[in-house]
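Just so you know, the sequences run in chain order U and P.
In this text, residue positions in the first sequence follow my numbering: the first is 11, and each later residue adds one.
In this text, residue positions in the second sequence follow my numbering: the first is 11, and each later residue adds one.
First up is the structure itself, then whatever we jot down about it.
2 protein chains.
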Amino acid sequence: MAEHPSELADPAYRDAVVELLGALANGELSAFQQIADDAKLAPTLAARAELGAMAVAEFGHFGRLRDRLRELGADPDVAMAPYAVALDAFHRNTAPADWLEGLVKVYVGDAIATDFYREIAAFLDADSATLVRDVVADTGQAAFVVDRVKAAIAADPSVGGRLALWGRRLVGEALAQAQRVVSERDALAPLFEGSAGRTGADLAALAKIFAKLTEAHAHRMAALGLSA
Amino acid sequence: MAEHPSELADPAYRDAVVELLGALANGELSAFQQIADDAKLAPTLAARAELGAMAVAEFGHFGRLRDRLRELGADPDVAMAPYAVALDAFHRNTAPADWLEGLVKVYVGDAIATDFYREIAAFLDADSATLVRDVVADTGQAAFVVDRVKAAIAADPSVGGRLALWGRRLVGEALAQAQRVVSERDALAPLFEGSAGRTGADLAALAKIFAKLTEAHAHRMAALGLSA
């Protein structure tokens, strides 16, 4: 990839990009693991294979983010490490009780991640932004999930109430962990402080991003036949 | 792929090929799941990523075997289903207690599978045989495992005794499940009965294959610094 020294010449900014890519890379590796795990709950081998393919896609995303970290001269492990605690806490606090909860988690998690990637790309250097947009453009296996969840609700409407609560818990936990990370990781700040040639954003702007993610989540839940 | 009607024209033989490919496909899907699981025990993110890549490779193998099943006009789910019980039993009876046991299991499992694929290819129609040989030629990430295990034994020789026992248990359990499957699944028999144009093998020949696998396993354990 061609580099734009004007953007990455500032070491604090470069470090912030590395921080963010480290968080995303760890998130993808962790999603791979989690979805592979959820696949065990699949009622059929075909469904297990579908979820397996989604897990493999997440691992592919992880690989691309890791490669970008190396291009930036960073050690991927070091960049990823600070986010292990929050990711573990998220997955521990949102362990699906059954196959449907697992599906909803994959769907919600994937959708929120996609929205977040698109929002955050605006704050990244051009090459990292292209990569991040590219990575999320590659999903779209969610149709499988939507079909399954809708069919389950149609078969037993009481499932809808339970999954609606579950969706709320997922997004609440995701935002709680994200907020914690943002407040604790000072190294991310230069990304949002604004500087010549980049769109700036402060913590208020970040709060607006979270609000947008939450709103988009509510729309998706409604489309799924669930009230957020 | 070009078909050889002379081989697959016999419905019983074709069904037997489907049976075997179903067993292999389920084995690969199950290996994907298991290795992704073992990755959780990794002491570092880099090691977790290495194991993740191995899991992804297994999923790729699964996909190719599933495609071949479809080419043969079979429903992959139906072909895979009979092997779920034996595979689940194998993994349940050999759940690794820690990272090193997980690594040894990946190594032993991958190596035995590779040997078995090579042996069994001789009994398959030409296109299936090419696919099966091709699938196993693609591994070779085992060097990573060998290095880690050797380093762990060098650091603490008592680890060697424990892992040697573990290796014995793995191969014993694998052969027990394989024997059970072979004796229960009559549909596999035409593969080994021999007919014009194919190498035939009866149960005695199959027992010889198992003996060869066990011997090769012993050599590998010794190379790892473990007595089998």
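Ideal Cβ positions, reconstructed from N, Cα and C, are used throughout, including at glycine.
Exercise. If the cut is a Cβ gap below 9 Å, which residues of chain U does Phe42 of chain P touch?
Worked result: From the beta-carbon of Phe42 of chain P, the residues of chain U found nearer than 9 Å are Ala46, Ala49, Gly62, Ala65 and Val66.
Exercise. Taking 8 Å as the CB-CB cut-off, is Gly207 of chain U touching chain P?
Worked result: For Gly207 of chain U, the pLDDT reaches just 47, beneath the cut-off of 50, and the residue's location in the model is therefore unreliable, although a value from the coordinates is still provided. At a cut-off of 8 Å between beta-carbon atoms, Gly207 of chain U makes no contact with chain P.
Problem set entry | Supposed close pair Leu79 of chain U, Ala89 of chain U - CB separation, criterion 8 Å | Right, the Cβ-Cβ distance comes to about 5 Å (below 8 Å), so this counts as a contact.
For this session: Return the residue from the list U:Arg128, U:Ala26 and U:Gly119 that minimises the CA-CA distance to Ile219 of chain U.
Result: The candidate whose alpha carbon is nearest that of Ile219 of chain U is U:Arg128.
For this session: Use the C-beta contact count for Pro21 of chain P: other C-beta atoms within 10 angstroms, 16 or more gives buried, fewer gives exposed.
Result: Under this definition Pro21 of chain P is an exposed residue.
Exercise. Ala165 of chain U and Asp120 of chain U look like a contact to me (Cβ under 8 Å); what is the Cβ gap, rounded to whole Å?
Worked result: At roughly 24 Å, the Cβ-Cβ gap does not stay under 8 Å, so Ala165 of chain U and Asp120 of chain U are not in contact.
Exercise. Looking at chain P, which residues of the region 85 to 103 of chain U have a Cβ within less than 7 Å of any of its Cβ atoms?
Worked result: Flagged, chain order: Asp87, Met90 and Ala91.
Exercise. Curious, which full-length alpha helix (DSSP H) runs of at least 4 residues does the region 144 to 221 of chain U contain?
Worked result: Fully enclosed alpha helix (DSSP H) runs of 4 or longer: 152 to 165, 168 to 194 and 199 to 202.
Problem set entry | Below-8 Å beta-carbon distance, Leu55 of chain P vs any chain U residue | By this cut-off, Leu55 of chain P is an interface position.
Problem set entry | Range of the contiguous alpha helix (DSSP H) that encloses Leu236 of chain U | Element bounds for Leu236 of chain U: n/a, residue is neither H nor E.
Exercise. Along chain U, which residues have their Cβ under 8 Å away from the Cβ of Arg158 of chain P?
Worked result: Neighbours of Arg158 of chain P on chain U: none; closest Cβ ~16 Å, over 8 Å.
Exercise. By Cβ distance below 7 Å, which residues in the same chain neighbour Arg74 of chain P in space, the five residues on each side in sequence not counted?
Worked result: Hits under 7 Å: Leu141 and Val145.
Exercise. In its own chain, which residues sit with a C-beta less than 6 Å from the C-beta of Ile163 of chain U, not counting the 5 before and 5 after it?
Worked result: Hits under 6 Å: Val169, Gly170 and Gly235.
Problem set entry | Proximal residues of chain P, C-beta to C-beta of Phe154 of chain U below 7 Å | Those within 7 Å of Phe154 of chain U in chain P number zero; the least Cβ separation is about 15 Å.
Exercise. Roughly how many whole angstroms lie between the Cα atoms of Val156 of chain P and Phe69 of chain P?
Worked result: Going by the C-alpha atoms only, they are around 22 Å apart.
For this session: Using alpha carbons as the reference points, say which of P:Phe154, P:Leu61, P:Ala107 and P:Ala147 lies closest to Ile45 of chain P.
Result: The shortest Cα separation from Ile45 of chain P among P:Phe154, P:Leu61, P:Ala107 and P:Ala147 belongs to P:Leu61.
Problem set entry | 6 Å CB neighbourhood of Tyr23 of chain U in its chain, flanking five on each side removed | Cβ-Cβ distances below 6 Å link Tyr23 of chain U to Pro200 in the same chain, with the five nearest sequence neighbours on each side left out; the list follows chain order.
Exercise. Looking at the unbroken alpha helix (DSSP H) that takes in Lys115 of chain U, where does it start and where does it end?
Worked result: For Lys115 of chain U, the uninterrupted alpha helix (DSSP H) segment begins and ends at Trp109 to Ala131.
Exercise. What separation, rounded to the nearest whole angstrom, lies between the Cα atoms of Glu81 of chain P and Val27 of chain P?
Worked result: Taking the straight line joining both Cα atoms gives about 12 Å.
Exercise. By how many angstroms is the C-alpha of Ala174 of chain U removed from the C-alpha of Asp25 of chain P?
Worked result: The straight-line gap separating the alpha-carbon atoms of Asp25 of chain P and Ala174 of chain U is approximately 46 Å.
Exercise. Where Thr54 of chain U and Arg102 of chain P are concerned, what is the direct C-alpha to C-alpha distance, given to the nearest angstrom?
Worked result: In this structure, the CA atom of Thr54 of chain U is about 19 Å from the CA atom of Arg102 of chain P.
For this session: Measure from the C-beta of Arg58 of chain U to each C-beta in chain P and report whether the shortest distance is under 8 Å.
Result: True, the Cβ-Cβ gap to chain P drops below 8 Å.
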